[in-house]
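Residue numbers (this note's numbering): 3 to 335.
Below is the structure:
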């Protein structure tokens with residue numbers, strides 16, 4: 003999955019938020035789009051698979067150590083752009099044939115709006131779910147860009163009344179820093195491995211990018227691009243026994259995945275309910291995302307005087323991993 007991180011400007015009292023958040027979310031439950039709506043958002047129960055996903059008898063947030071997860075459901079009708087444009091053109095040509103003139107800009111926009119209103123009721127809606135992790139100091143939104151993230155965060159803000167968040171800020175240019183990693187022949191930390199999914203761009207050629215897959219990050223081919231003046235705009239990073247992702251210059255983590263051994267332990271862990279399995283996955287994922295957030299100021303510099311507190315203490319992390327290892331051993335027997 004992709005992850006966009008935001009920093010909370012005024013630390014949240016997570017314990018207090020957990021006590022009141024269900025009631026607030028239930029004031030904005032999901033309902034289906036009306037015939038003339040193109041999109042609708044709404045909150046649903048925290049755990050997937052609930053028969054009635056807006057039941058007030060179920061929890062509306064997932065309770066994690068020092069964090070919580072809420073789910074937003076989006077329903078969207080994606081009208082075919084090609085079909086829409088074809089119908090608009092047909093009606094504009096009809097005006098030309100009947101009245102002997104071209105439609106002006108305002109008339110064309112009116113035609114576009116009318117065609118959209120007629121096509122929306124005939125368009126089948128698509129549903130998507132977003133599980134958003136909230137801690138006292140940061141928020142993780144599983145989307146591909148800031149525009150989509152802002153839409154979901156604004157909806158949370160509408161429910162809570164206030165939600166002071168900004169994109170995570172760093173002091174140094176990520177492009178310059180990531181390029182220095184390649185030039186220096188090493189990742190930012192001893193436990194970080196760079197892998198060959200990367201993008202390079204020449205600052206002088208705006209918009210021209212070179213995408214590479216399965217390439218040696220410190221090899222001659224990449225070095226030739228750097229010697230030609232190109233910079234690294236995204237690169238794959240893997241933190242040992244934690245997670246792997248492709249980090250881009252806008253600080254979005256793409257294809258964020260837990261380390262293989264964590265995935266294996268989660269897959270082999272027996273739990274009593276789907277809710278418990280879902281919670282276990284999010285606990286580990288929240289810890290991995292927390293480590294990712296901690297990496298950003300360390301790698302790219304920060305203007306923050308105080309480091310963000312960890313979601314899980316080392317003791318909590320060790321306890322949880324012991325439980326996973328024990329469950330995996332029992333399953334093997």
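From the three backbone atoms N, C-alpha and C, an ideal C-beta is built for every residue, glycine too.
Coil, strand or helix - residue i by DSSP
i: residue 40; result: coil
i: residue 129; result: strand
i: residue 256; result: strand
i: residue 14; result: coil
i: residue 140; result: strand
i: residue 192; result: coil
i: residue 211; result: strand
i: residue 219; result: coil
i: residue 157; result: helix
i: residue 199; result: strand
i: residue 240; result: strand
i: residue 119; result: helix
i: residue 182; result: helix
i: residue 149; result: helix
i: residue 80; result: coil
i: residue 276; result: helix
i: residue 97; result: helix
i: residue 169; result: strand
i: residue 264; result: helix
i: residue 28; result: coil
i: residue 69; result: strand
i: residue 104; result: coil
i: residue 206; result: coil
i: residue 48; result: coil
i: residue 53; result: coil
Cα-Cα separation between residue i and residue j, rounded to whole angstroms
i: residue 75; j: residue 196; result: 35 Å
i: residue 150; j: residue 6; result: 10 Å
i: residue 157; j: residue 43; result: 8 Å
i: residue 22; j: residue 222; result: 57 Å
i: residue 186; j: residue 243; result: 24 Å
i: residue 207; j: residue 229; result: 15 Å
i: residue 276; j: residue 28; result: 22 Å
i: residue 251; j: residue 177; result: 6 Å
i: residue 88; j: residue 109; result: 16 Å
i: residue 168; j: residue 94; result: 44 Å
i: residue 12; j: residue 159; result: 14 Å
i: residue 3; j: residue 259; result: 7 Å
i: residue 302; j: residue 83; result: 41 Å
i: residue 265; j: residue 61; result: 26 Å
i: residue 300; j: residue 292; result: 13 Å
Cutoff 7 Å; reference residue i; Cβ partners in own chain excluding five residues on either side
i: residue 98; result: 104
i: residue 304; result: 172, 173
i: residue 130; result: 76
i: residue 216; result: 198
Cβ distance (whole Å) where residue i is taken to contact residue j below 8 Å
i: residue 10; j: residue 166; result: 6 Å
i: residue 231; j: residue 204; result: 6 Å
i: residue 135; j: residue 69; result: 6 Å
i: residue 189; j: residue 239; result: 7 Å
i: residue 90; j: residue 107; result: Not confirmed; about 13 Å, so no contact.
i: residue 140; j: residue 8; result: 7 Å
i: residue 138; j: residue 14; result: 5 Å
i: residue 35; j: residue 127; result: 6 Å
i: residue 26; j: residue 161; result: 5 Å
i: residue 220; j: residue 184; result: 6 Å
Cβ neighbour criterion (16 or more within 10 Å) applied to residue i
i: residue 2; result: Outside the displayed span of the chain (3 to 335) sits residue 2, for which this structure offers no information.
i: residue 58; result: exposed
i: residue 212; result: exposed
i: residue 285; result: buried
i: residue 181; result: buried
i: residue 17; result: exposed
i: residue 210; result: exposed
i: residue 298; result: buried
i: residue 253; result: buried
i: residue 191; result: exposed
i: residue 269; result: exposed
i: residue 155; result: buried
Chain-order list of residues whose beta-carbon lies under 6 Å from that of residue i (same chain, five-residue window excluded)
i: residue 248; result: 199, 236, 238, 256, 257
i: residue 288; result: 66, 69, 135, 313
i: residue 72; result: 63, 134
i: residue 262; result: none
i: residue 37; result: 123
Chain D contact for residue i (CB, 9 Å cutoff)
i: residue 101; result: No chain D is part of this structure, which consists of one protein chain only.
Spatial neighbours of residue i in its chain, beta-carbon cut-off 8 Å, leaving aside the 5 residues before and after
i: residue 39; result: 79, 122
i: residue 227; result: 202, 212
Residue i CB to nearest heavy atom of the ligand MG below 8 Å
i: residue 238; result: Inclusion of the ligand MG in the displayed structure is not the case, the ligand content being empty and no account of it being possible.
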